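Protein chains in written order, with the numbering used here: chain G, 1 to 303; chain L, 1001 to 1267.
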């Protein structure tokens, strides 16, 4: 009886010790690959790696996302009529530059045909923005007073160094992820978007922000970001101002190791009769470090 | 009874010795000379500095000891030894800056980015974003942003200096050490006119002491302006309110509205 007690006690102790030690070994979280059918599915719907807290890992550096042909009847940009300046860099003595397009400027040259899906406005299918009566005329008149600017209000917000409101990537951007949030670091205007994933509520309605207030959550491989609390300055090349009723829903989906789909639903009931959607693709992520102080020569050449 | 217990302990002693030795080593940095931080740890075993922090002192007005006056809260300085070792020409320049500070302060009067270390102790919160390969510090003031590579890469050469400089970081035990170079000369250290040249070199140390405090040190060297390196230090406090987040202080935009709203535009 004595010896059995000792044997049992020794075994129990050993089990406790081993279980605790195993807890410190980093776990390999992947299930073993299964059938051929599952492998084929994996090729179609790519499975990204995971961060330590289980988010699909989309960290890295992304090039500018650009598409052509946002809207079917987009007005001429007043500062760059004929769109001769796709890089939106000012070459004018007064320092004004063309209003950058939010949903792209220039084509994503070099993207393989397989990656080119319907880009630009995808809803409504006719690519005509659903302006409320009179609002399209107002914004075209506004654009016509921007060159030369009639007053401060008509100076392009890009030249005023205003934060753009809508997520744009004229310059490369970096995504970082840590437990509880996804973070976008933008080289353009050196801004940061911290997208909290902890289910917290939006800010109170009396706090208005240039970039709005973003709350996110993952649905499978798609990060869904809901943004409210905009002030009245969100802008793009074709749309010089959005209102403070703006509400956007963005969906970031890694579709393979080299591409992120970015779809944005724009809902601004003061300006539009219904929400509309735009889709762009963004090449990346690249893992290699690049200097923030200089443009990446490769990316400029490619785009 | 005693004999049974002794045998039990003896028989399982190997297991206990291994268990007690391995578990603490797996959770502490080996060889650390500073006390172990009680902060949470990230997945790669570093103190978790993620979150929103803020300094609680009056260094933004004057980094040295200063008496109160209208609009300026009094404060004990953050400069170790309370002396800034200016070269003689620079001491005179500082006095000139001080006299002109209401219009000459690049940050408070003109909304230029505050530079390093001033961004740390502006009376605004900032957020540390930390992953195993990258750290970034995002400041509420003018959305200043400092990406800090941890990959051992060198400062780039041959580029123009910037307001926030170029930051490269590494961990030493519980301390994040950040080396900052490639500044321009367009920032001050405070509202009192303390300044530097484009040869400024700052080494910051962010030492985690417990989950809600960082001890911050910055060694400043600039052979064009000072006779020797000098140092500031202060605690940083975690903003522990529920759902704390950075908002926006868009200084440039506010200034434009103030200065140009009713200005006539040339035809």
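A virtual CB, placed ideally from N, CA and C, is assigned to each residue, including glycine. Note that the structure is predicted; figures quoted are calculated from it, not measured.
Buried or exposed: residue i, going by 16 or more other Cβ atoms within 10 Å of its Cβ?
{"i": "residue 1117/L", "result": "buried"}
{"i": "residue 1102/L", "result": "exposed"}
{"i": "residue 1250/L", "result": "buried"}
{"i": "residue 1240/L", "result": "exposed"}
{"i": "residue 207/G", "result": "exposed"}
{"i": "residue 1092/L", "result": "exposed"}
{"i": "residue 1210/L", "result": "exposed"}
{"i": "residue 1089/L", "result": "exposed"}
{"i": "residue 162/G", "result": "buried"}
{"i": "residue 973/L", "result": "The structure shown does not extend to residue 973/L, since chain L spans only 1001 to 1267, so no value can be given for it."}
{"i": "residue 1069/L", "result": "exposed"}
{"i": "residue 1144/L", "result": "buried"}
{"i": "residue 276/G", "result": "buried"}
{"i": "residue 1153/L", "result": "exposed"}
{"i": "residue 1188/L", "result": "buried"}
{"i": "residue 47/G", "result": "exposed"}
{"i": "residue 1056/L", "result": "exposed"}
{"i": "residue 120/G", "result": "buried"}
{"i": "residue 274/G", "result": "exposed"}
{"i": "residue 1038/L", "result": "exposed"}
{"i": "residue 268/G", "result": "buried"}
{"i": "residue 1108/L", "result": "buried"}
{"i": "residue 37/G", "result": "The pLDDT assigned to residue 37/G is 36, lower than 50, so where the model puts this residue is not dependable; a value taken from the coordinates is nonetheless given after this. Residue 37/G should be labelled exposed."}
{"i": "residue 45/G", "result": "exposed"}
Can you tell me whether DSSP reads residue i as helix, strand or coil?
{"i": "residue 1191/L", "result": "coil"}
{"i": "residue 1103/L", "result": "helix"}
{"i": "residue 127/G", "result": "coil"}
{"i": "residue 1224/L", "result": "coil"}
{"i": "residue 219/G", "result": "strand"}
{"i": "residue 61/G", "result": "strand"}
{"i": "residue 160/G", "result": "coil"}
{"i": "residue 167/G", "result": "coil"}
{"i": "residue 1041/L", "result": "strand"}
{"i": "residue 1259/L", "result": "helix"}
{"i": "residue 1047/L", "result": "strand"}
{"i": "residue 1004/L", "result": "helix"}
{"i": "residue 56/G", "result": "strand"}
Write down the C-beta distance between residue i and residue j rounded to the nearest angstrom, noting that I regard them as a contact closer than 8 Å.
{"i": "residue 1122/L", "j": "residue 1060/L", "result": "5 Å"}
{"i": "residue 1182/L", "j": "residue 1161/L", "result": "5 Å"}
{"i": "residue 193/G", "j": "residue 184/G", "result": "4 Å"}
{"i": "residue 1050/L", "j": "residue 1065/L", "result": "Between residue 1065/L and residue 1050/L the Cβ distance is about 34 Å, and since that is not below 8 Å, they are no contact."}
{"i": "residue 1226/L", "j": "residue 1095/L", "result": "Contact doesn't hold; Cβ gap of about 16 Å is too wide."}
Give the residues from the region 227 to 252 of chain G that approach chain L closer than 7 Å (Cβ to any Cβ), ordered along the chain. Answer set for the region 227 to 252 of chain G: empty.
Using a Cβ-Cβ cut-off of less than 9 Å, list which residues of the region 164 to 183 of chain G approach chain L; keep chain order. Across the region 164 to 183 of chain G, CB contacts with chain L closer than 9 Å involve 174, 176, 177, 178, 179, 180, 181 and 183, in sequence order along the chain.
Which runs of the beta strand (DSSP E), 3 residues or longer, sit entirely within the region 1201 to 1256 of chain L? Counting only runs of 3 or more, we get 1201 to 1210, 1213 to 1221 and 1230 to 1238.
What residues from the region 1120 to 1135 of chain L come within 7 Å of chain G, judged by C-beta to C-beta, listed N to C? Answer set for the region 1120 to 1135 of chain L: 1127, 1129, 1130, 1131 and 1134.
Contact list for the region 1134 to 1154 of chain L against chain G, Cβ threshold 8 Å: If the cut-off is 8 Å between Cβ atoms, the region 1134 to 1154 of chain L has 1134, 1136, 1138, 1143, 1144, 1145, 1147, 1149, 1151 and 1153 near chain G.
Tell me which residues of the region 1224 to 1247 of chain L have at least one Cβ-Cβ distance to chain G shorter than 9 Å, keeping chain order. For the region 1224 to 1247 of chain L, the set of residues with a beta-carbon nearer than 9 Å to any beta-carbon of chain G comprises 1242, 1243, 1245, 1246 and 1247, in chain order.
Please list the segments of the alpha helix (DSSP H) lying wholly inside the region 1090 to 1178 of chain L, counting only runs of 4 or more residues, in order along the chain. Counting whole runs of 4 or more residues, the region 1090 to 1178 of chain L contains the alpha helix (DSSP H) stretches 1101 to 1104 and 1118 to 1121.
When Cβ atoms are compared, which residues of the region 1039 to 1057 of chain L fall closer than 7 Å to chain G? Answer set for the region 1039 to 1057 of chain L: 1043 and 1050.
Note down, one range per segment and in chain order, each beta strand (DSSP E) of at least 3 residues found wholly within the region 249 to 287 of chain G. With a minimum length of 3 residues, the continuous beta strand (DSSP E) runs that stay inside the region 249 to 287 of chain G are 259 to 267 and 276 to 283.
Considering only residues of the region 134 to 158 of chain G, which uninterrupted alpha helix (DSSP H) runs meet the minimum length of 4 residues and lie entirely inside it, listed in chain order? As far as the region 134 to 158 of chain G is concerned, its whole alpha helix (DSSP H) runs of at least 4 residues are 135 to 144.
The region 1175 to 1200 of chain L: positions lying closer than 9 Å to chain G by Cβ: Cβ contacts with chain G come from 1182.
Just list the beta strand (DSSP E) runs in the region 173 to 232 of chain G, keeping only unbroken ones of 3 residues or longer that don't cross its boundaries, in chain order. The region 173 to 232 of chain G contains, as complete beta strand (DSSP E) runs of 3+ residues, the segments 173 to 178, 181 to 186, 191 to 196, 213 to 219 and 222 to 228 (chain order).
Check distances from the C-beta atoms of the region 187 to 207 of chain G to those of chain L and list, in chain order, the residues that come in under 8 Å. Under the 8 Å Cβ criterion, the region 187 to 207 of chain G contributes 189, 190, 191, 192, 194, 196, 200, 201, 203 and 207.
So if I threshold CB-CB distances at 9 Å, which residues from the region 47 to 62 of chain G count as touching chain L? Here the close residues are 51, 52, 53 and 59.
In the region 257 to 269 of chain G, which residues sit with their C-beta less than 8 Å from some C-beta in chain L, listed in chain order? Listed by position, the residues of the region 257 to 269 of chain G near chain L (Cβ gap below 8 Å) amount to none.
What are the residues in the region 134 to 167 of chain G lying within 8 Å of chain L by C-beta distance? Per Cβ criterion, the list reads 148, 149, 150, 151, 152, 160, 161, 162 and 163.
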